[in-house]
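S.K.:
Numbering (our numbering), first residue to last: 20 to 166.
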């Protein structure tokens, strides 16, 4: 017979258990013009100083990719650079969310329930108040572009 305990921490402490809550990764907030510690208008040198080994610059395409760690193959965000200054940020990671909790991986319905959207292309919706564009694939957000 299996017994499943559900209840308060008081019940657990009375039984001698110390419940270990799962550690959740705190989402990084996307705000108008900024993602994590990157801001539109930030210099490439400041990006390099902030992200050190996690940043990979490509001078030919004027882009920089930021990786969650050096062992990952997919960047969590990409930066467009012009004359050494960040002009746009594209976010791919689920860690990044707006203050209302919307980000990559969320549904079109979740976005539309939180913000008024305007379609700029078949698979891109813009939230004017945030100055962000959300790219979709099969009604799921696959990236967020801040410009």
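Note that CB positions come from ideal geometry on N, CA and C, so glycine has one too.
1) Under the rule that 16 or more other beta-carbon atoms within 10 Å means buried, what is residue 123, buried or exposed?
2) For the alpha helix (DSSP H) containing residue 127, name the first residue and the last one.
3) Output the boundary residues of the alpha helix (DSSP H) element that contains residue 70.
4) Would you call the CB atoms of residue 135 and residue 112 closer than 8 Å?
5) So, residue 74 versus residue 100, is the Cβ gap smaller than 8 Å?
6) Starting from the C-beta of residue 62, find all residues in its chain whose C-beta is less than 7 Å away, skip the five residues before and the five after it, and write them out in chain order.
7) What residues in its chain sit with their C-beta under 8 Å from that of residue 97, if we drop five residues either side in the sequence?
8) Shorter than 8 Å from the beta carbon of residue 127 to some beta carbon of chain C?
M.R.: Inspection of the coordinates gives the following:
1) Translated into the one-based positions of the chain shown, residue 123 becomes position 104. By the neighbour-count rule (16 or more Cβ atoms within 10 Å), residue 123 is buried.
2) Indexing the chain shown from 1 puts residue 127 at position 108. From DSSP, the alpha helix (DSSP H) with residue 127 extends over 127-133.
3) Residue mapping note: residue 70 aligns to position 51 of the chain shown, counting from 1. Unbroken alpha helix (DSSP H) run through residue 70: 63-70.
4) Here the question's residue 135 lines up with position 116 in the chain shown. Here the question's residue 112 lines up with position 93 in the chain shown. No, these two residues do not count as a Cβ contact at 8 Å.
5) Counting from one through the chain shown, the residue named residue 74 turns up at place 55. Counting from one through the chain shown, the residue named residue 100 turns up at place 81. No, these two residues do not count as a Cβ contact at 8 Å.
6) For the purposes of this step, residue 62 is identified with residue 43 of the chain shown, where counting begins at 1. For residue 62, where only same-chain residues beyond five positions count, the Cβ hits under 7 Å are 103 and 104.
7) On the chain shown, residue 97 is found 78 positions in, with the first residue counted as 1. If you ignore the 5 residues before and after residue 97, its C-beta comes within less than 8 Å of the C-beta of 82, 83, 84, 85, 108, 109 and 111, all in its own chain and listed in chain order.
8) Protein chain content of the structure displayed is limited to a single chain, and chain C is not contained in it.
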